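To start, the structure under review is shown below, and the notes come after it.
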Amino acid sequence: MAKILRVDMTSGTVKYEDVPEKYAMMAGRWLTSSMVADEVDPECHPLGPTNKLVFAPGIVTGTRAATSARLSVGGKSPLTGGIKESNAGTKFAVMQARLGIKALVVEGQPKDGKSYLLEIKKDAARLLPADDLAGKGAYETTDALVAKYGKVGVSCVGPAGEFKLSGAGICFSDEKDRASRYAGRGGLGAVMGSKGLKAIVIDDTGAAGVPIANKALFEQGRKKLLAGLQSHDLTKPKGALNSYGTAVLINIMNEAGGLPTRNFSSGRFEGAAKVAGETIFERNKGLLGKEEYNHACSPGCVIQCSNTVRDANGNEIASCVEYETAWALGPNCGIDDLEAIAKMTWLCNDIGVDTIEMGATIGVAMEGGALPFGDVQGAIKLLEEVGKGTPIGRIIGNGAGFAGKAFGVTRVPTVKNQAMPAYEPRAVKGIGITYATSTMGADHTAGYTIAPEIAGVSGKLDQFDPNKADLSYAFQSTTAFIDTSGHCLFIAFAILDIPSAYEGWVEECAGVVGANWTAADVLRIGDEVLRTERRFNEAAGLGKAADRLPEFMKYEPLPPHNVVWNVSDEDLDSVYGRLDAK
Amino acid sequence: MINVKVRVYASLKEYLPGIALGESAEVTMPPEATIGILLDKLGIPRAEVKLCYVSGLYREQGYVLSEGDEVALFPPVGGG
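Same order as they appear, the protein sequences are chains A and B.
The first sequence maps to residues 3 to 584 in our numbering.
The second sequence maps to residues 144 to 223 in our numbering.
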């Protein structure tokens, strides 16, 4: 029987609750956003005692469904001031699902200001003092807990979370117990830190597993989606993602003139190829003497896109260096040194900060004259300062918007105060509409229109065509259900291109919950999620006026295509106007 | 005749051995040659090429090349 595990950090107590009927079908983002909307005052201080953190695995997480080990984390974001759902692929998600914990809710704040460890086992959870872990990096924290507990899933915050910095993420362990999988965006690590919760260990020994209401329907759907993932060019074994990782996008974004460079001052970087996925692959081949294909971040993933960047001796510097990370700490800072980018990735993971936010913030600091573009050692030093909690470190750790004010910079690439990821919206209009209107702030994963605009998935669209409000809305709504299903966003390529894979995705979800869902239900539920989030944001003060790109993009032409942001405010408002009209 | 520069990425790299990633090969083509004809000349199967950019703009394989064009060729790529 599924339960909600509620952890009160004020009293130091935990309790299991029955799942209210209204949440019975929900999971993942649908559940986190609904519970946050129901239980958190939109006007609360995100770092105060009345904000809450909700951890929820997806509908099919913990089953045999492929590539479905995602965990959604929700709360009010200290970065955006709005609702936040940030998700990660991790065994923690599978363990939580198998233990029947539909949602883990962390609320309150300890009166003693100390650090705590939450230990979760079958039908038992407790808070323990974690003085020994306080202030430690995420790698050391995770290593210590794995050494003590053995085969467990670990979540923790690094020093940035303990300092309550808005760029802090929540860390989860990967398949080799690296502290490397992050619910990174939106500062939820600061919320966890504000609650004195340093870490969580979860052990699913003896767990009953995930009940499946209609096993035949689930199996039918699972097989269809699996076949789609294993045949699509992007997700099949030795396909683009398995070979080159997500950083395979560096070169095409660069050729398309949409790779944000030197704090969004150009769409093309002369050193792009040096930090690209192909370079990582070829480099590893030279170092290892054989081809190395990528590995899975979490159990049951058949795409396996996580790469490894090594030093000249073949020793791992960091895994994984994603496209967004390689871009943020590379081209966006004028840096083309792959090993340095990997070193900074490791530092971000250890300190517990979002790599996108940090790369964007260092870019803004470079723009503001704090250090020159391309200054590798200066960038590394800034990250180290974040980990130490020095005044300059706190400026950087609070994100691009905060640093922009500190350094008097107007070219600040944020929406709702969250830094833009690795696609220039002036050069790729649909993703700009997603950045502007997403309930999450600038977030490519909220409605990944890059799939048709650049990659040609589900047909190739003109990247410069500004009339994409419909497209962004459809992607945002469908994505809300992907984030609910527990699948990685990368199933999108297969379900967009292969009709039977889409059917299978819906059928496996319907099979788990015992529903009779169709494609119409995907959009219905997606709309419900977006509407819930939108209402929360409006109550928090984030209405239409917050659905805008930064002004400089309207008057600064972006090389090489010399394009400005030309999507009208009316078109932006129409994205959520569609929801209101339904 | 016209001269164009060609860059190949990801799994297409094997068709231009000796050219570093991000570097261009110089190719001389007859006037009015299309991207498809360029692919044939380079021995790159047309079916393996999903995305073509010419001087930063997306083009289909039937696009007619001009002197000085910079052509970038990709197999299916994606991620994020």
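Glycine included, each C-beta is placed from N, C-alpha and C at the ideal position.
The structure presented is a predicted model; accordingly, all values stated were derived computationally and were not measured.
**Prompt:** the segment 480 to 501 of chain A: which residues have C-beta closer than 8 Å to a C-beta of chain B, in chain order?
**Reply:** The segment 480 to 501 of chain A vs chain B, Cβ under 8 Å: Leu491, Phe492 and Phe495.
**Request:** Please compile the residues from chain A whose C-beta is within a distance smaller than 7 Å of the C-beta of leucine 194 of chain B.
**Result:** What leucine 194 of chain B touches in chain A: Ile254 and Gly458.
**Asked** For glutamate 175 of chain B, which residues of its own chain have a beta-carbon under 7 Å away from its beta-carbon, when the five flanking residues on both sides are left out?
**Response** Counting only Cβ-Cβ distances below 7 Å, and skipping sequence neighbours, we find Val207.
**Prompt:** Between lysine 462 of chain A and chain B, is there a C-beta pair that is closer than 8 Å?
**Reply:** Yes, its Cβ sits closer than 8 Å to a Cβ of chain B.
**Message:** Please tell me whether glycine 84 of chain A and serine 487 of chain A are closer than 8 Å, where the distance is taken between their beta carbons.
**Reply:** Cβ atoms of glycine 84 of chain A and serine 487 of chain A: not closer than 8 Å.
**Request:** Flag this pair as touching only if the segment 99 to 111 of chain A and the segment 58 to 75 of chain A have three or more C-beta atom pairs under 8 Å; answer yes or no.
**Result:** In this structure the segment 99 to 111 of chain A touches the segment 58 to 75 of chain A; the number of beta carbon pairs closer than 8 Å is three or more.
**Item:** Partners in chain B for alanine 274 of chain A, counting only beta-carbon separations shorter than 7 Å
**Value:** Simply Gly165.
**Request:** Report the residue ranges of all alpha helix (DSSP H) runs contained in full by the segment 197 to 247 of chain A; include only those spanning at least 4 residues, in chain order.
**Result:** Counting whole runs of 4 or more residues, the segment 197 to 247 of chain A contains the alpha helix (DSSP H) stretches 217 to 233 and 242 to 246.
**Message:** Quick check on lysine 153 of chain A: buried or exposed, where buried means 16 or more other Cβ atoms within 10 Å of its Cβ?
**Reply:** Residue environment for lysine 153 of chain A: exposed (fewer than 16 other C-beta atoms within 10 angstroms of its C-beta).
**leucine 130 of chain A burial status per 10 Å Cβ neighbour count (16 or more: buried)** = By the 10 Å Cβ count, leucine 130 of chain A comes out exposed.
**Asked** For the beta strand (DSSP E) that contains tyrosine 118 of chain A, what are its first and last residues?
**Response** Element bounds for tyrosine 118 of chain A: 118 to 123.
**Item:** Residues that DSSP places opposite methionine 37 of chain A in a beta bridge
**Value:** Partner(s): none; methionine 37 of chain A has no beta bridge.
**Prompt:** Starting from glutamate 87 of chain A and walking both ways along the beta strand (DSSP E), at which residues does that stretch end?
**Reply:** From DSSP, the beta strand (DSSP E) with glutamate 87 of chain A extends over 85 to 91.
**Message:** Is there a Cβ of chain B sitting closer than 8 Å to that of glutamate 221 of chain A, yes or no?
**Reply:** So, not an interface residue.
**Item:** Contained alpha helix (DSSP H) runs [length at least 4] in the segment 453 to 534 of chain A, N- to C-terminal order
**Value:** Within the segment 453 to 534 of chain A, the complete alpha helix (DSSP H) runs of at least 4 residues are 471 to 487, 493 to 499 and 501 to 515.
**Asked** List, in order along the chain, the chain B residues whose C-beta lies closer than 8 Å to that of aspartate 235 of chain A?
**Response** Those within 8 Å of aspartate 235 of chain A in chain B are Lys193, Pro218 and Pro219.
**Item:** chain B contact residues for tyrosine 246 of chain A, given Cβ-Cβ distances below 7 Å
**Value:** Within chain B, the C-beta atoms nearer than 7 Å to that of tyrosine 246 of chain A come from Ala153, in chain order.
**Interface partners of lysine 156 of chain B on chain A, CB under 7 Å** = By Cβ distance, chain A contributes Glu280.
**Request:** Kindly list the residues whose CB is nearer than 8 Å to the CB of threonine 520 of chain A, restricted to its own chain and excluding five residues on each side of it in sequence; keep chain order.
**Result:** Val508, listed in sequence order.
**chain A residues whose Cβ lies nearer than 7 Å to that of alanine 215 of chain B** = Chain A residues near alanine 215 of chain B: Glu257.
**Message:** Report the CB separation of valine 108 of chain A from lysine 54 of chain A in whole angstroms; it is logged as a contact under 8 Å.
**Reply:** Going by Cβ atoms, the distance from valine 108 of chain A to lysine 54 of chain A rounds to 7 Å, so yes, they are a contact pair.
**Prompt:** In chain order, what residues of the same chain lie with their CB nearer than 6 Å to the CB of leucine 331 of chain A, ignoring the 5 residues before and after it?
**Reply:** Non-local C-beta neighbours of leucine 331 of chain A in its own chain, meaning closer than 6 Å and more than five positions away in sequence, comprise Ile343, Met346 and Gly361, ordered along the chain.
**Request:** Starting from alanine 342 of chain A, trace the alpha helix (DSSP H) both ways and give me its first and last residue.
**Result:** Per DSSP, alanine 342 of chain A belongs to the alpha helix (DSSP H) from 340 to 353.
**DSSP state of aspartate 10 of chain A mapped onto helix, strand, coil** = Residue state, collapsed to three classes: strand.
**Request:** Go to proline 161 of chain A, then tell me how far its beta strand (DSSP E) extends in each direction, as first and last residue.
**Result:** Segment 161 to 164 is the alpha helix (DSSP H) holding proline 161 of chain A; no beta strand (DSSP E) there.
**Request:** Grab me the residues of valine 220 of chain B's own chain with a C-beta within less than 6 Å of its C-beta, minus the 5 sequence neighbours each way, in chain order.
**Result:** In its chain, beyond the 5 residues on either side, Ala153 have a beta carbon closer than 6 Å to the beta carbon of valine 220 of chain B.
**Request:** Closer than 7 Å by beta-carbon distance: list the chain B residues that pair up with leucine 243 of chain A, in chain order.
**Result:** Near leucine 243 of chain A (Cβ distances below 7 Å), the residues of chain B are Gly222.
**Message:** Looking only at its chain, what residues have a beta carbon closer than 8 Å to the beta carbon of arginine 396 of chain A, apart from the 5 residues adjacent to it on each side?
**Reply:** Hits under 8 Å: Phe165, Leu167 and Val388.
**Item:** Entirely enclosed beta strand (DSSP E) segments - the segment 47 to 106 of chain A, minimum 3 residues
**Value:** Fully enclosed beta strand (DSSP E) runs of 3 or longer: 54 to 59, 72 to 78 and 85 to 91.
**Request:** Note down the Cα distance separating aspartate 339 of chain A from valine 147 of chain B, rounded to an integer number of angstroms.
**Result:** Looking at the two C-alpha atoms, the distance is approximately 30 Å.
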